[in-house]
Ligand SMILES: [Fe+2]
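Numbering (our numbering), first residue to last: 15 to 168.
Okay, structure coming up:
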């Protein structure tokens with residue numbers, strides 16, 4: 015535990031704006047949004063989008079867990095899952111959610127998450143944290159590609 019405390023003092027002294035608990039909050043918004051579209055998407059692509067949304071929230075849940083556990087190991091203050099960042103509110107308008115709306119929510123979610131993960135300052139965390147972040151970015155990049163294709167075909 016002592017080692018982690020030293021880490022967290024180091025991070026504080028670096029004065030970084032970003033931290034893992036904040037990234038976790040962005041991951042939570044993505045998780046909530048994928049759960050929302052899972053139930054509320056309508057139209058001819060319902061089954062495909064319903065199942066894809068589940069794939070996305072299952073992976074997001076795993077990443078959320080990893081981010082929070084790592085944040086706690088660094089003595090970061092972690093908000094409850096439902097406390098979401100002010101600049102990134104979850105989707106609440108679920109009326110008549112067409113396949114285009116659903117893909118839009120997915121694509122926007124993937125891009126917001128990508129930006130927030132990518133923007134953490136490279137020098138602040140030890141390399142094992144970056145390998146976690148890198149694998150999340152790689153996954154998001156794949157989803158971005160897939161969703162961009164889907165939006166052209168819809
Ligand atoms: Fe379900």
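Don't be surprised by glycine CBs; every beta carbon is placed ideally from N, CA and C.
Would the beta-carbon of residue i fall within 8 Å of that of residue j?
{"i": "residue 85", "j": "residue 35", "result": "yes"}
{"i": "residue 99", "j": "residue 40", "result": "yes"}
{"i": "residue 95", "j": "residue 161", "result": "no"}
{"i": "residue 45", "j": "residue 71", "result": "yes"}
{"i": "residue 43", "j": "residue 102", "result": "yes"}
Express the C-alpha separation of residue j and residue i in angstroms, rounding to a whole number.
{"i": "residue 113", "j": "residue 164", "result": "10 Å"}
{"i": "residue 125", "j": "residue 118", "result": "11 Å"}
{"i": "residue 78", "j": "residue 69", "result": "14 Å"}
{"i": "residue 108", "j": "residue 47", "result": "10 Å"}
{"i": "residue 59", "j": "residue 134", "result": "36 Å"}
{"i": "residue 156", "j": "residue 91", "result": "31 Å"}
{"i": "residue 158", "j": "residue 139", "result": "26 Å"}
{"i": "residue 149", "j": "residue 53", "result": "28 Å"}
{"i": "residue 152", "j": "residue 128", "result": "9 Å"}
What whole-angstrom Cβ distance do residue i and residue j have, given they're in contact under 8 Å?
{"i": "residue 64", "j": "residue 55", "result": "6 Å"}
{"i": "residue 130", "j": "residue 37", "result": "6 Å"}
For review: beta carbons within less than 6 Å of any heavy atom in ligand 1: Sorted by position in the chain, 52, 68 make up the residues whose C-beta lies under 6 Å from a heavy atom of ligand 1.
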